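> One structure is given below, represented as structure tokens, and several questions about it will come after.
Number of protein chains: 2
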Amino acid sequence: MKFIHTADWHLGKLVHGVYMTEDQKQVIKELIDILIEEQPDALVIAGDLYDRSVPPTDAVNLLNDTLHTINVDMNIPIVAISGNHDSSERLSFGASWYRKSNLYMTGKWLPNQQPVEIKGVRFHPVPFSDPGPIREVLQQKDLTSHHDAMKAVVEKIVEKMDLSVPNVFVGHAFVLGGSTSDSERTLSVGGSGCVGGELFLPFTYTALGHLHSPDAIKHDTIHYSGSLMKYSFSEAKQRKIVKVVEINEEGAVTVTEKPLKAERDMREIKGYLQELMDEEFYRTQKRDDFLKITLLDDGALIDPMNQLRQIYPNVLHLERKLALRDQSKRTTASLDAREGKTDIDLFKEFYDQVTTSDWSLQKENKLTTVLQHVRNKEDQS
Amino acid sequence: MKFIHTADWHLGKLVHGVYMTEDQKQVIKELIDILIEEQPDALVIAGDLYDRSVPPTDAVNLLNDTLHTINVDMNIPIVAISGNHDSSERLSFGASWYRKSNLYMTGKWLPNQQPVEIKGVRFHPVPFSDPGPIREVLQQKDLTSHHDAMKAVVEKIVEKMDLSVPNVFVGHAFVLGGSTSDSERTLSVGGSGCVGGELFLPFTYTALGHLHSPDAIKHDTIHYSGSLMKYSFSEAKQRKIVKVVEINEEGAVTVTEKPLKAERDMREIKGYLQELMDEEFYRTQKRDDFLKITLLDDGALIDPMNQLRQIYPNVLHLERKLALRDQSKRTTASLDAREGKTDIDLFKEFYDQVTTSDWSLQKENKLTTVLQHVRNKEDQS
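Protein sequences, first through last, are from chains A and B. Numbering of the first sequence is given in UniProt numbering, commencing with residue 1 and proceeding in unit increments. Numbering of the second sequence is given in UniProt numbering, commencing with residue 1 and proceeding in unit increments.
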């Protein structure tokens with residue numbers, strides 16, 4: 001039995017003010033190509049299908065079309081759960097109709113929930129939940145941490161689980177480690193939102209969502225697939241993939257990967273402004289990538305973001321090495337240097353640094369008037 | 001063939017700040033009782049299932065449960081369209097899965113749309129739409145009014161329609177008249193959001209939503225069902241019903257009604273405050289109804305809303321006959337009466353009217369200080 005494990009699609013995501021829907025559409029096409037090639041028996045989506053509880057209608061249409069293509073047109077069963085970004089109610093609306101087409105959309109875990117059986121493998125979908133609702137549904141007052149709540153859920157599932165067949169846990173949580181079952185670590189984790197990976201050892205495979213890196217856990221049977229694509233610059237160096245999970249008749253698991261490649265990558269570049277604006281350099285670059293640029297220049301620069309965007313239209317974030325260095329100095333030397341200077345003096349220094357024109361008496365008079373006006377206002381209030 | 005025609009459920013509606021979800025739940029139970037009794041071949045919901053494009057999750061759950069009971073548990077086919085209050089994208093998410101269970105949810109009309117056939121009757125669902133999208137989809141630039149857009153849609157449907165079987169139009173629009181086909185009237189209607197009823201004469205029955213009164217149109221075959229319950233005081237005197245539509249083998253239509261009765265009615269009462277607060281009176285009343293109260297008292301009253309709510313917890317709106325009368329006077333006589341009076345004089349008059357305590361020199365001094373403080377602030381800005 002073979003299934004594809006993916007998660008964290010975040011449809012409708014806005015990165016630095018830019019909607020990623022078109023990029024998501026393209027990566028989903030790649031996913032569908034993988035499904036055509038692999039012909040799996042199921043697709044598992046481990047939460048965060050949408051980026052927010054009320055996604056934009058473009059994202060609603062994209063999810064509808066995607067699930068339709070995979071589930072109805074290609075006839076592939078889908079096991080999906082809601083993540084912390086989804087609205088469990090809105091996402092699971094209509095779930096009982098979907099089941100008839102082997103689309104299993106779960107928004108809320110309930111103790112009497114039956115596993116989803118596909119080709120002899122039993123899937124146990126457990127959507128993201130705060131401890132509160134689990135505490136209520138199990139009537140166990142002591143479930144205050146995510147770890148304890150998940151432990152109680154897993155115990156409830158394992159209680160009724162047939163261990164003679166392969167069992168797959170599908171979850172959306174912040175799971176730590178998993179390679180050891182160091183109880184001290186688990187205790188220290190208890191209070192936070194983390195869950196100890198050892199909980200999932202009874203399962204043949206655990207398909208997780210929440211962390212965006214496919215390497216967030218290194219374990220034979222406990223896996224994050226990572227997100228559909230890069231959603232922040234902290235993910236710039238992560239590879240993006242889906243996991244292909246095969247369970248043979250003896251219940252042994254093999255996990256391989258298939259890469260996903262967004263047409264517009266998200267990456268960081270560093271350099272001097274003049275260098276980055278040089279055709280020799282930029283013609284070697286994929287200029288429409290989503291970029292975080294760090295400028296190494298020391299001096300003042302006139303609106304570098306605007307200059308850079310003429311060449312790199314999708315600069316999302318700009319950093320100056322200089323600015324950072326100044327910031328650290330300021331706390332010691334530069335504060336002293338300011339002492340005894342008038343506001344006019346300080347402004348003159350600033351003006352010299354950020355413009356190329358000369359300071360004049362006329363400008364000084366104008367500034368004096370403005371400062372006086374501001375001070376009068378301050379006195380009144 | 002028999003079907004029930006309903007519309008304008010407005011789940012998630014907030015009336016004067018009060019969520020109606022519990023009341024809606026109760027009326028929907030009545031609807032389900034009617035379905036059990038009537039055993040119809042279909043249920044038609046002619047738009048505005050929700051009150052807004054992003055309804056509260058309670059309303060999402062209520063619609064999910066209701067459709068599930070009717071469609072899955074009772075196995076009754078449902079033909080539903082989105083109204084102007086619904087988000088067509090969000091409501092029709094999953095529509096292709098629903099179709100397999102004979103739940104036909106249409107969010108957008110398309111020219112190649114096939115009718116829904118149930119027991120030999122063909123339903124033509126046309127969700128609410130502004131002229132814009134219809135203009136685009138039909139590539140007819142001249143469709144600027146609702147009437148023209150609807151005319152084009154109907155023509156497109158009638159073109160391919162088999163007139164030898166009964167055809168039911170399901171729409172959500174502001175339809176006028178319908179008993180005559182007076183082209184002048186139609187023209188005068190053109191510019192507004194209205195649609196001439198004569199457009200629907202080719203259909204065996206036209207099931208409309210949008211207007212909340214079941215009597216909005218008096219016509220043999222063109223009908224509004226009206227809303228599920230009263231949603232404003234302008235509907236206080238309307239009856240609330242569903243229509244039971246039977247089409248016999250010759251294609252003849254019979255329409256009867258079944259009443260819906262919200263447990264808490266929405267109604268108006270008028271009287272003097274003392275009278276309404278008198279036990280003799282209020283024990284004859286259903287005190288938890290949603291009320292608009294018009295007080296006939298002439299003099300000043302101290303916080304009458306608060307007093308009334310001790311007895312009638314769901315007073316939603318309070319009107320004073322006096323206040324209205326004063327308002328009309330003010331433009332003529334009372335403005336003159338104010339001339340020459342100081343702010344202190346005017347405040348004293350107001351104070352005497354709304355309190356039972358006496359005016360004092362101490363109070364006058366306090367007021368003078370406050371007024372001076374306010375005036376100083378005004379001078380400064």
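Cβ atoms here follow ideal geometry from the backbone N, Cα and C, with glycine treated the same way. Quantities reported herein were computed from a predicted structural model and do not represent experimental measurements.
Closer than 8 Å is the cut-off here; do at least three beta carbon pairs connect the region 18-27 of chain A with the region 272-279 of chain A?
No contact exists between the region 18-27 of chain A and the region 272-279 of chain A.
> So that I know if they touch, is there some Cβ in chain A lying closer than 8 Å to that of E136(B)?
Not one chain A Cβ lies under 8 Å of E136(B).
> Buried or exposed: which applies to E155(A), given that a residue is buried once 16 or more other Cβ atoms fall within 10 Å of its Cβ?
Exposed is the call here.
> Using a Cβ cut-off of 8 Å, pull out every chain A residue sitting near F128(B), in sequence order please.
The contacting residues do not exist; F128(B) stays about 15 Å from chain A at best.
> Distance cutoff 8 Å, beta carbons only. Does N365(B) sit that close to anything in chain A?
N365(B) does not count as touching chain A.
> List the residues of chain A whose Cβ lies closer than 8 Å to the Cβ of Y98(B), in chain order.
Near Y98(B) (Cβ distances below 8 Å), the residues of chain A are G94, W97.
> Among all the DSSP beta bridges, which residues are the ones paired with P125(B)?
Answer is V170(B), bridged to P125(B).
> Tell me the DSSP secondary structure of A149(B) in three-state form.
In this structure, A149(B) counts as helix in the three-state DSSP scheme.
> Does the beta-carbon of S101(A) have 16 or more other beta-carbons within 10 angstroms, so that it is buried, or is it exposed?
So S101(A) counts as buried.
> Under a Cβ-count criterion, where at least 16 other Cβ atoms within 10 Å of its own Cβ denotes burial, should N75(B) be classed as buried or exposed?
So N75(B) counts as exposed.
> Whether or not the region 30-41 of chain B and the region 13-21 of chain B are in contact is what I'm after, with contact meaning three or more pairs of Cβ atoms, one per stretch, closer than 8 Å; do they touch?
The region 13-21 of chain B is not in contact with the region 30-41 of chain B.
> Rounded to whole angstroms, how far is the Cβ of N64(A) from the Cβ of F290(B), which I believe are closer than 8 Å?
The pair is not a contact, with the Cβ atoms about 38 Å apart (cut-off 8 Å).
> In terms of residue numbering, what span does the beta strand (DSSP E) encompassing F3(B) cover?
First-last of the beta strand (DSSP E) with F3(B): 2-6.
> Can you give me, in chain order, the residues of the region 62-74 of chain A that have a beta carbon less than 7 Å from any beta carbon in chain B?
So the list reads N64, H68, V72, given in the order they occur along the chain.
> If you measure between the beta carbons of S225(B) and H5(B), is that distance less than 8 Å?
Contact flag set, yes.
> Show which residues of chain A have a CB atom less than 9 Å away from the CB atom of T57(B).
S53, S87, S88, E89, R90, listed in chain order.
> Under the criterion of a Cβ to heavy atom distance below 7 Å, does R375(B) qualify as lining the ligand SAH?
As far as ligands go, the structure on display features none, and thus does not contain the ligand SAH.
> Does chain A have any CB closer than 8 Å to the CB of D182(B)?
Residue confidence is low: D182(B) scores 42 on pLDDT, short of 50, so the model does not pin down where it sits. No coordinate-derived value is stated.
> Enumerate in chain order the residues of its own chain whose CB-to-CB distance from T144(A) is below 7 Å, with the five nearest sequence positions on each side excluded.
Here the set comprises P131.
> At which residues does the alpha helix (DSSP H) containing A262(A) begin and terminate?
Unbroken run through A262(A): none, as it is neither H nor E.
> Does S82(B) have its Cβ less than 8 Å from a Cβ in chain A?
Answer no: the Cβ-Cβ gap between S82(B) and chain A never drops below 8 Å.
> Between the alpha carbons of E249(A) and V315(A), how many angstroms are there, rounded?
Computed Cα separation, rounded: 50 Å.
> Can you give the beta carbon distance from S227(B) to H10(B), rounded, assuming they're within the 8 Å contact cut?
7 Å between Cβ atoms; contact.
> Three Cβ pairs or more, each shorter than 8 Å: is that satisfied between the region 133-147 of chain A and the region 69-83 of chain A?
No contact exists between the region 133-147 of chain A and the region 69-83 of chain A.
> Between V60(A) and chain B, is the shortest Cβ-Cβ distance under 8 Å, so that the two count as touching?
So yes, V60(A) belongs to the interface.
> Measuring straight from C-alpha to C-alpha, what distance separates V165(B) and L91(B)?
So the alpha carbons of these two residues sit roughly 30 Å apart.
> Three-state secondary structure (DSSP) at E37(A)?
Of the three classes helix, strand and coil, the one that applies to E37(A) here is helix, per DSSP.
> Could you name the residues of chain A that L103(B) contacts, counting a contact when the two beta carbons are closer than 7 Å?
By Cβ distance, chain A contributes W97.
> Near L110(B), what residues of its chain come up, given a Cβ to Cβ distance below 8 Å and the 5 sequence neighbours on each side ignored?
Around L110(B): V137.
> In whole angstroms, give me the CA-to-CA distance for I269(B) and E30(B).
I269(B) and E30(B): Cα-Cα distance of roughly 26 Å.
> Just how far apart, CA to CA, sit G120(B) and G251(A)?
Each residue's Cα considered, the two are about 52 Å apart.
> Check E249(B) in the structure and name its three-state DSSP category.
Reduced to three states, the DSSP call for E249(B) is coil.
> Could you tell me the distance, in whole angstroms, from the CA atom of T368(B) to the CA atom of F350(B)?
The straight-line gap from Cα to Cα measures roughly 16 Å.
> DSSP on T106(A), reduced to helix/strand/coil?
It is a strand residue.
> Taking 8 Å as the limit between beta carbons, can you name the residues of its chain near V54(B), skipping five residues before and five after?
Once the five neighbours on either side are set aside, the close Cβ partners of V54(B) are S87, R90.
> If we ignore side chains and look at the alpha-carbon of each, how far apart do G197(A) and V175(A) end up?
Approximately 6 Å between the Cα atoms of the pair.
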